[in-house]
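Enquirer: Numbering (full-length UniProt numbering) for the sequence shown: 1 to 209. Backbone N, C-alpha and C define an ideal beta-carbon position, used for all residues, glycine too. I am attaching a structure below and will ask some questions about it afterwards.
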Amino acid sequence: MIHTSADMQLSFMNRSTQVAESLPTCLVDAQSCTIHQTTATTTPNDSVVEIISQLETYKNKTSFIDLDDIQLTDNTALDHLIKESFTCSICRGLLVRARLLPCGHQFCRECLYYWFKIRHTCPLCRTRVCTNVPAIHVDNFLDEIIDHCKNIEVKCQRQQRKSETTSEALDFRCSQISSGSLLRTVTESYVQTASYVDSTQSNVWTSTT
Numbered sequence: 001m002i003h004t005s006a007d008m009q010l011s012f013m014n015r016s017t018q019v020a021e022s023l024p025t026c027l028v029d030a031q032s033c034t035i036h037q038t039t040a041t042t043t044p045n046d047s048v049v050e051i052i053s054q055l056e057t058y059k060n061k062t063s064f065i066d067l068d069d070i071q072l073t074d075n076t077a078l079d080h081l082i083k084e085s086f087t088c089s090i091c092r093g094l095l096v097r098a099r100l101l102p103c104g105h106q107f108c109r110e111c112l113y114y115w116f117k118i119r120h121t122c123p124l125c126r127t128r129v130c131t132n133v134p135a136i137h138v139d140n141f142l143d144e145i146i147d148h149c150k151n152i153e154v155k156c157q158r159q160q161r162k163s164e165t166t167s168e169a170l171d172f173r174c175s176q177i178s179s180g181s182l183l184r185t186v187t188e189s190y191v192q193t194a195s196y197v198d199s200t201q202s203n204v205w206t207s208t209t
C-alpha cells in the first residue's frame, strides 16, 4: 500500500495525540502493576522494585525542564506541534537518542532502557516488543531546533542527556535480533516519521526566515 504525504502525516499525528494523552500513565502503570503482582504472592519482587527505584532516581537527578515553561521557536503553533509530537511519554521531555518501536511509538533511549528492565512491551500501547531502532531523523531534527533555541538551560540539558551511556546496551541487544516482519513494520513507521519530520522542519525554517 502506498501512503500519501497527507496519510503519513495524519497517521503520525494520531500516534502523537496518543502519546500526549497518555503522558502520566507509564510509570504509574508500571508501579501499580508491580504492587499488584507482589500482593498476589508472598514474596515481593525486589528486583522489579529496585528497577523502578532506579528509573525514578534517574528522572530526579537529571532535572528535566518543564516544556510548558519554555518556547522552542518563535512560532507558537509550531512550538506546540513540536512539543506534542516529539515528547517522550516516560520522562515527559523532548526525545533524546530517540528509539522507534515496531508499533510506531518513540521514546528516549535511556528511558526505554530502564523500562525494558521492567517489561518488554511498549509503554503506551503494551504491544510486545522484541526490537527497536534509532530514530535518527528525529534526533537530528530536534538537535537543530535546540541549536536555534535561545534558552541556554535547554541546550545544556540536551548535551547532558546525549552523553548518557548506560543505555548503550540497547544498541548491542538490537544488533543481535533479526526479524523480517518486525523490520518491515519498523521501516514503514520510520519512513512515516522521517517524512513528517522533514515536512515539519521545512515549516519551521520557512516560518522563522
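Can you tell me the Cα-Cα spacing of residue 67 and residue 165, whole angstroms?
Expert: One C-alpha to the other measures close to 24 Å.
Enquirer: What is the DSSP secondary structure of residue 108, reduced to helix, strand or coil?
Expert: Strand, per DSSP.
Enquirer: Suppose contacts are defined by Cβ-Cβ distances below 8 Å. Is residue 91 in contact with residue 122 by that definition?
Expert: No, the pair does not count as a contact, with Cβ atoms beyond the cut-off.
Enquirer: Please tell me whether residue 86 and residue 94 are closer than 8 Å, where the distance is taken between their beta carbons.
Expert: A contact, by the Cβ cut-off of 8 Å.
Enquirer: Skipping 5 residues on each side, what residues in its chain have a beta carbon closer than 8 Å to that of residue 116?
Expert: Answer for residue 116: 129, 170, listed in chain order.
Enquirer: When we look at the beta-carbon of residue 74 and count the other beta-carbons within 10 Å, is it buried (16 or more) or exposed?
Expert: So residue 74 ends up on the exposed side.
Enquirer: Taking 6 Å as the limit between beta carbons, can you name the residues of its chain near residue 167, skipping five residues before and five after?
Expert: So the qualifying residues of the chain are 109, 110, 113.
Enquirer: In the DSSP assignment, find the unbroken beta strand (DSSP E) run with residue 210 in it and report its ends.
Expert: Residue 210 cannot be examined here, being either before or after the span of the chain that is shown, 1 to 209.
Enquirer: Could you check the C-alpha separation between residue 32 and residue 126 for me, to the nearest Å?
Expert: In this prediction, residue 32 scores a pLDDT of 38, lower than 50, which makes its location untrustworthy; no coordinate-derived value is stated.
Enquirer: Three-state secondary structure (DSSP) at residue 72?
Expert: Correct three-state label for residue 72: coil.
Enquirer: Can you give the Cα-Cα distance for residue 98 and residue 77, rounded to whole angstroms?
Expert: Taking the straight line from one Cα to the other gives about 23 Å.
Enquirer: Give me the Cα-Cα distance between residue 153 and residue 163, rounded to the nearest whole angstrom.
Expert: Rounded to whole angstroms, residue 153 to residue 163 spans 16 Å at the Cα level.
Enquirer: Residue 81 and residue 149 look like a contact to me (Cβ under 8 Å); what is the Cβ gap, rounded to whole Å?
Expert: Going by Cβ atoms, the distance from residue 81 to residue 149 rounds to 15 Å, so no, they are not a contact pair.
Enquirer: Taking the DSSP output, what are the residues bridged to residue 133?
Expert: Partner(s): 100.
Enquirer: Under 8 Å between the Cβ atoms of residue 142 and residue 89?
Expert: Their beta carbons are not under 8 Å apart, which means residue 142 does not touch residue 89 by this criterion.
Enquirer: Please state the DSSP three-state secondary structure of residue 161.
Expert: Here residue 161 sits in helix by DSSP.
Enquirer: Per DSSP, residue 166 is paired with what?
Expert: Note: residue 166 sits in no beta bridge, so no partner.
Enquirer: Hey, how far is the Cα of residue 151 from the Cα of residue 137?
Expert: One C-alpha to the other measures close to 22 Å.
Enquirer: Would residue 158 pass as a contact of residue 146 if the rule is Cβ separation under 8 Å?
Expert: Cβ distance < 8 Å, so residue 158 and residue 146 count as in contact.
Enquirer: Where residue 119 and residue 140 are concerned, what is the direct C-alpha to C-alpha distance, given to the nearest angstrom?
Expert: Approximately 29 Å between the Cα atoms of the pair.
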